[in-house]
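Colleague:
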Amino acid sequence: MKRIRKWTIAFLKAAISIGILSYLVWDAVHKGEGLFRDEHGFNPLLLQQLIHHAMERWYLLLAALAASAAGVLITFVRWWLLIRVLGTPIRLGESLRLSFVGFLLNLAPMGIVGGDMAKAILVARRFPGHRPESVASVLLDRILGLYVLFITGGMAILLTGFHRQPQPVVQTISVGIIAVSAAMTVGLLVLWAPDATDGAFLRLLERMPLIGSAIARLAEAIRRYRHHLPLITAAMLMTFPVHLLSACSIFLVSCSIFPRVHSLSYHFVMVPVSASAQVIPLSIGPSEFVLDRLYATIPLVSGETIPPGQGLVAMLVYRVITLIIATIGVGYYLSSRREWTTALDEAESPQTEFVAAVPE
């Protein structure tokens, strides 16, 4: 039953992702103003021109790779700081090895859960007395990354005047990003505020069936970070460059391939907005769809529009760049494959507290 459930979910995820990408490709090939169409219809020579353009500007792709790699390394160091401050004696080198494999598994998931869950389990096994802390560090790392993602998008929306675009969908997105940023700010303040209930809230969580004790222990572990607010502040400040570097990378990718691209300032809005779609538990598809729609919806400064498909191509090339970075984790995974396989199996078990505590 477990294996059937695992493969059923994996199949559904793959089917939805393929469906989204297929629609975007169809849009670029068959729609009247699609990226690969001219006045005579579909023209494969347009694809060859894009490839030729990218080969001529290979140095921009190399710069995009460097920007992405720098952002990824910052996230790895951020997690190491978050887990170290709670007393887990893991070395930076070991945390980097675990993070590279986790990053690899997140991009090419080998099961229901991603690499971050398995990474937390491996840390908990190596340091049995720090099991709650290992889970809490991974979860908080995700929360901070998502929180700063929305804050970055909200700040870019206000600073660039993106919210003044006349398109209703743009105005809706702008209001939504700012509203979510405010709501998450309030939630984090409440999470780390002094407990006025004298533990009553945690005891209430413990009474939840099946997962109550796990959630209560996890909440208590995360609340321990309220004594380390300078580190939390530093971790958030480290996260801003991560999202800015990601936007720069996709901007450089676009510049290397296409003759007409949106400004870098608008990429500081569009990329975080599209990245926020990754909260949907699909490894590929939602971000491509959002970026492609934004590219085609927002006009350039000159008033021209971007054809459907350009955002899809830019994001797919960016995916290839992240896969190149993730290949560093292949060697680490193969050298301890059995250990990682066991950790993934444990993470996928419905009985484990990690499933309840750290959703993908």
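Each number in our numbering comes from the position in the sequence shown (counting from 1) with 7 added on. Backbone N, C-alpha and C define an ideal beta-carbon position, used for all residues, glycine too. Only a predicted model underlies this, so the values are computations on that prediction, with no experimental measurement involved.
1) Run the CB neighbour count on M62, radius 10 Å, all protein chains shown included, and call it buried at 16 or more, exposed below.
2) Are D148 and L67 touching if we call contact CB-CB under 8 Å?
3) Report the rounded CA-to-CA distance for V177 versus H170, giving the unit in angstroms.
4) Can you give the Cα-Cα distance for V36 and R300, rounded to whole angstroms?
5) Nearest-angstrom Cα distance between Y30 and R233?
6) DSSP state of T349, grouped into three classes?
7) Just tell me which of A17, H269 and T348 has its CA closest to the CA of S309.
8) Just mark P357 as buried or exposed, buried being the case when its beta carbon has 16 or more other beta carbons within 10 Å.
9) Taking only runs that begin and end inside the stretch 135-199, name each unbroken beta strand (DSSP E) of 3 or more residues, in chain order.
10) Short of 8 Å in beta carbon distance, which residues of its chain neighbour L259, apart from the five on each side in sequence? Order them along the chain.
11) How many angstroms separate the CA atom of I287 from the CA atom of I23?
12) Go to Q285, then tell me how far its alpha helix (DSSP H) extends in each direction, as first and last residue.
13) Have a look at V365 and V142 and give me their C-alpha separation to the nearest angstrom.
14) Determine, using beta-carbon pairs with one atom in the stretch 248-262 and one in the stretch 132-146, whether at least three such pairs fall under 8 Å.
15) So for T240, helix, strand or coil by DSSP?
16) Tell me which same chain residues have a C-beta within less than 8 Å of the C-beta of I328, skipping the five on either side of it?
17) Please report the Cβ distance between Y154 and L195, rounded to the nearest whole angstrom; I am assuming they are in contact, meaning their Cβ atoms lie under 8 Å.
18) For E101, which of helix, strand or coil comes out of DSSP?
19) Give me the residue from W65, S188, T179 and L236 with the minimum Cα distance to L93.
20) One question on the structure: do A282 and L114 come within less than 8 Å of each other, judged by their Cβ atoms?
21) Locate the alpha helix (DSSP H) running through I58, then write down its first and last residues.
22) Grab me the residues of G78's own chain with a C-beta within less than 6 Å of its C-beta, minus the 5 sequence neighbours each way, in chain order.
23) Going by the beta-carbon positions, is the gap between S322 and L298 smaller than 8 Å?
24) Determine contact between the stretch 327-344 and the stretch 101-114, defined as no fewer than three beta-carbon pairs at a distance below 8 Å.
25) For G168, does the count of other Cβ atoms within 10 angstroms reach 16, so buried, or fall short, so exposed?
26) Between the C-alpha atoms of I190 and S272, what's the straight-line distance to the nearest angstrom?
27) A1: which of Y325, I185 and I150 sits nearest, CA to CA?
28) Check whether the Cβ atoms of A303 and P315 lie closer than 8 Å to each other.
29) Classify V320: buried if its beta carbon has 16 or more other beta carbons within 10 angstroms, exposed otherwise.
30) Quick one: what does DSSP say I25 is sitting in, helix, strand or coil?
31) Just how far apart, CA to CA, sit F296 and R98?
32) Taking 8 Å as the limit between beta carbons, can you name the residues of its chain near H60, skipping five residues before and five after?
33) Using alpha carbons as the reference points, say which of T312, R344 and R345 lies closest to L42.
34) Run through DSSP, which three-state label would S122 get?
Modeller: According to the structure shown:
1) Answer is exposed; the Cβ neighbour count stays below 16.
2) no
3) Rounded to whole angstroms, V177 to H170 spans 7 Å at the Cα level.
4) If you draw a straight line from the Cα of V36 to the Cα of R300, it comes to about 15 Å.
5) 45 Å
6) T349 falls in the helix class under three-state DSSP.
7) H269
8) Reliability fails at P357, whose pLDDT of 41 lies under 50, so the model's placement of it is uncertain and the value that follows must be treated cautiously. Exposed, by the Cβ-count rule.
9) none
10) L67, L68, A70, A71 and A74
11) 11 Å
12) Counting along the chain, Q285 falls outside any alpha helix (DSSP H), and DSSP gives it neither H nor E.
13) Any reading at V365 must be qualified, since the residue scores a pLDDT of 35, below 50, and its modelled position is unreliable; the value itself is stated next. Approximately 7 Å, taken between the alpha carbons.
14) no
15) helix
16) L68, A71, L72, S75, S256 and V260
17) 7 Å
18) Reduced to three states, the DSSP call for E101 is helix.
19) L236
20) no
21) L52 to E63
22) Cβ within range, chain order: V249, L252 and S253.
23) Reading off the sequence, residue 322 comes out as Met, not Ser. Closer than 8 Å, so yes.
24) yes
25) exposed
26) First, the amino acid is wrong: residue 190 is Ala here, not Ile. Cα to Cα, A190 sits roughly 25 Å from S272.
27) For residue 1 there is no data in the structure shown, the boundaries of the chain being 8 and 367.
28) yes
29) With at least 16 other beta carbons inside 10 angstroms of its own, V320 counts as buried.
30) Looking at I25 - three-state DSSP - the assignment turns out to be helix.
31) Whole-angstrom Cα-Cα distance: 39 Å.
32) S263, I264, F265 and P266
33) T312
34) Note on residue identity: the sequence assigns Gly, not Ser, to residue 122. Correct three-state label for G122: helix.
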